[in-house]
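Residue 12 is where the sequence shown starts when you use my numbering, and the numbers rise one by one after that. For glycine and all other residues, C-beta sits at the position ideal for the given N, C-alpha and C. What follows is a single structure, written as structure tokens, with notes after it.
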Amino acid sequence: MPPTPDTVSVALKAATSFVVNAVEVLRFGGLQTDEEPSPFEIVARRPMFRLRRYYAPTAGADGLADVGLDEDEPPRPPIVLVPPMMISADVWDVSPDTSAVAALYEAGMDPWVIDFGSPDLEAGGLERTLTDHVVAVNDVIDLVTAATGRSVHLGGYSQGGMFCYQAAAFRRSRDLESIVTFGSPVDWRGSAPLGVPEDVIVNVARFVADYVFSDHSLPGWLASTGFRLLDPIKTARAQVDFLRQLHDREALLGHERQRRFIGGEGFVAWSGPAIVDMMQQVIIQNRMMVGGFVIGDHVVSLADITCPVLAVLGEVDEIGVPAGVRKIASVAPAAEVYEFPVRAGHFGLVVGSTAASLTWPTVAGWIGWIENTGQRPDGIAEVAPDAVVDSSPTSAVMLAADGAIQVAGLGVGVVRGAGHLAVSALQTTRALGYEALHAAPRLIRLEQIQPRTRISFAKIMTERARTQPGDACFLFSDRVHTYSAVDTRITNVVRGLIAVGVRQGDHIGVLMETRPSALVAIAALSRLGAVAVLLPPSHSLPELLRLGAVTDVVADPEHASRVTDAGARALVLGGGGADRDLHADLGPGVVDLERIDPEDVELPRWYRPDPGRAGDLAFVVFTRSSGTWQSKLVTNHRWALSAFGTASAARLTSASTVYCLSPLHHPSGLLTAVGGAVAGGARIALSHGFDPATFDEEIRRYGVTVVSYTWAMMRELVSRPANPRETLPTISLFMGSGMPRGVWRRVTDRYPGTRVLEFYAGTEADVVLANLSTTKPGARGRPLPGTAEVRLVTVDPDSGAILTGPDGYAIPSEVGEPGMLVTRPRLRIDASVRRLRGLFRPGDAWVSTNDVFERDRDGDFWLLGSAGAVVRTAHGPVYPIQVADALGDLTQVDLAVVYGVPGGAGRVAVAAVSRWGSQAITAADIGGALASVPSAGRPDIVHVVDHIPVTNWYRPDATGFASRGLPKAGPRAWIRDPGTGEYVRLTKAVRDGLLPTE
């Protein structure tokens, strides 16, 4: 049937309109509309931003708009809207029908918008960092607060919402009424976009940060292309629909500005440093979740947010995955967090018909509710901090895929099957283990160390300053000290030390609280080639100075007077700048290193930085045994063995943060906690001292992943009532030495998902044992790679002397048999260390650790006690740690100690236990707990005490009990019946019979 004239006319008209509209699109990039943007004024200009105020009243003399000029109109609550980095600020006003600012203004709000501009068109724009944007948001809050005279509401879309969270944490929610975010994920790892497995997105982010954007930026057109490729089916369908309706101008005009915005006009360049910063902190280190987010020289945690939060999330959002958005409730437990789910994608949350009909009316109602002028809108639900969140990253993707598949007519089952197959394949990359790839070079380096190999604490710090200068080295008092800044500080201190006469090889004491200046002082002495003598804050300081051959001591202002009173010269460091005042009564033997200008110091010709070699003496530490101080010598090799071994065993990387609670004068502090962190490139969080009351707060703020400890330190932590705010998944590891087995179990119960990494390190012997198992609490583990060869040798049960066989060589201990741990150092042995010659063959040289161990069938070593602490009784040796751990397995036992007292028939082994909780301890409990201990090794008496004291290093101390002799008879003391082996009540008559005769 031939076409009618009307049909031909309509077709020609449509074709003509199509051509005309197509030419307009080609010429101008789109159809010209008569829509006008909402009116605004630029009320403030800064290098980072321009602050827009929409529907602004008349500007005042200060350039900021005055508010409330109409006395009949109530003051409008101000809301500051923050765009993402790569999207224009016009996202809040794309078109009149979907404009956020217009809708909020009509609802009675006072909208302000931050405009970051186009970085590629701004001076220095492509050098902007993530910190610059967060600080800009913080500054704008101050500006709007000053202009309006009241606190503000803060809103952000996508990454702009992340800026809002970070800025709110940075200012501790000051001047903030509430936060509203739109599709802003907090967890980018566990809930990655598009369902990408966590390991994959982390490794991709690491590659992008290191090799793609380290010196490049992301152009706006590429950002637009990437955004559209996230949903290629929807993008293609939109293009087809546009072409099919190109002849109908009226049908297209309503969505034209929105189409052009998504098509490229709404996207701006993204600076390379900001991308790298986001990849490092948000994805690789996951700082939004674990805390420790670095903003300039400050460190913050989202747990510092205390104002109400509304998280608007898209149920089919493939970028801001709902599970990742909801995580704000768990990381900001002090805030009241609410959510408002919308059936929309990432862009549809803020632009489009859904935003106009749902998002903006609900947000306006939320602000009214917060302002106490209305009811809470329907659809908004509160989210508890401990709410279980579906962490599957594929749920939103599958919802989005369902809709696209239905439109495209594809088979749902086929596509889903292919998607799950791809995800499963990607997840197999977890078997590689990024940490293992990093651990291998450390272990290889350890194996290659020879006596003259240059290696030291300062040299490793120098390497870190060269390879990762901008990374955080120390976190202290909420401040960040980068490796570069620390390296400069170390160099300046070295010049000061040289100026006061310190030379390579000198023994210089260090008596300081755990603070950055103390670590700098130790590193400076290492860089100079001097020996750092680490002094504990003891009343026996004159004795320690004599043992360490020290005449000069680097001290902080708090300890300077003690140094001079002990007869040494105090070199005062830290505690403030060059203008700080020292106490007038410090005496003449004080030199303030802070007052020395490093530029005025001429370096001598003998000075070479980092001269230390593996066999050189690096540190002197002190231990106390039986009331006597002993000095222990630590070589650079011994330090490196602990440092690299710890970094490997704990899998420390640049994403780790080690909370150094161990005192620096304790061997585990410098060798394990600090040494491992430096060797692994991790951050070191320092505290003013272990305080259980502030532990959780500092853990969150610093983003701590690893906590160091000594002995029973963590007992004080787990003895506190549980706090819901401890649910943050930050701590993955507790590492240290000496944790009692009962405390070990309580720690893992209190912090589920964590593990304890127990070390044993011989101070002068090149041996480090580590318990990498999660099933053997109390074990010291096995030798780390690079450590010295170790063996157990049988000792005489009465004297403790090493037993020899018919051939004159030492007798190796069998499995499960006590033995002295001896080591065969790889490098030369210091002359002051006693050698054991010809132990297993002629001419060999071994070193005794003076600690008794036993080895199980798996090859793990269990410490029984030091040789000096073994109680040698008539029925055999009683090993203190073995008995204390067995008693500590009782749930009603807090701590246990073992000591010996004189008796009528020889030494009597006594165990003291303190109670955990209110449950009573019975004789049957004691007998059952000690059933795992060989009969000859069980204590003669067990008694309950009110409290067991600990030393400054948190080691349970039995000295006071031993000095009081046999415990009193009573219902809380039991004696072992030699006939039955059971424990019975200790009576006065039996006790009197045990007393030594006069």
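Just reading off the beta strand (DSSP E) that residue i is part of, what are its end residues?
i	result
Phe-872	872–877
Asp-862	856–866
Asp-777	Premise fails: Asp-777 is in no beta strand (DSSP E) and is neither H nor E.
Glu-52	51–56
Gly-911	904–914
Arg-918	917–926
Ile-306	304–306
His-1017	Beyond the ends of the chain as shown, which are 12 and 1009, falls residue 1017; an answer cannot be given.
If we count the other Cβ atoms within 10 Å of its Cβ and call it buried at 16 or more, is residue i buried or exposed?
i	result
Lys-999	exposed
Asn-383	exposed
Lys-470	buried
His-492	buried
Phe-218	exposed
Trp-755	buried
Glu-329	buried
Glu-993	exposed
Ala-931	exposed
Tyr-222	exposed
Ala-654	buried
Pro-208	buried
For residue i, which three-state DSSP category applies?
i	result
Gln-641	strand
Met-750	coil
Thr-805	coil
Ala-812	coil
Met-289	helix
Leu-132	helix
Arg-526	coil
Val-956	strand
Arg-298	helix
Tyr-116	helix
Ile-986	strand
Ser-730	coil
Trp-103	helix
Pro-945	coil
Sort out for me which residues DSSP pairs residue i with in a bridge.
i	result
Leu-744	Val-717, Arg-766
Phe-351	Val-323
Pro-89	Asp-121
Tyr-168	Phe-193
Cys-671	Leu-697
Phe-633	Ser-642
Pro-1096	This structure cannot settle anything about residue 1096, because the visible part of the chain is limited to 12 through 1009.
Val-889	Val-882
His-648	Paired residues: none, contrary to the question.
Asp-328	Partner(s): none; Asp-328 has no beta bridge.
Leu-62	Ala-55, Ile-125
Ala-392	Glu-350
Can you name the start and end residues of the alpha helix (DSSP H) that residue i belongs to?
i	result
Phe-972	970–974
Val-574	571–576
Gly-830	Premise fails: Gly-830 lies in the beta strand (DSSP E), 830–835, not in any alpha helix (DSSP H).
Ala-216	209–218
Tyr-618	From DSSP, Tyr-618 is part of no alpha helix (DSSP H); its letter is neither H nor E.
Residue i to residue j, Cα distance in whole Å?
i	j	result
Tyr-670	Leu-546	21 Å
Leu-628	Gly-849	26 Å
Gly-879	Ser-636	8 Å
Pro-553	Cys-484	34 Å
Ala-772	Leu-652	10 Å
Gly-385	Ala-322	19 Å
Ala-343	Thr-317	7 Å
Met-59	His-357	26 Å
Val-394	Val-320	10 Å
Ile-98	Leu-233	12 Å
Val-511	Pro-950	56 Å
Arg-354	Tyr-168	16 Å
Asp-1003	Arg-983	17 Å
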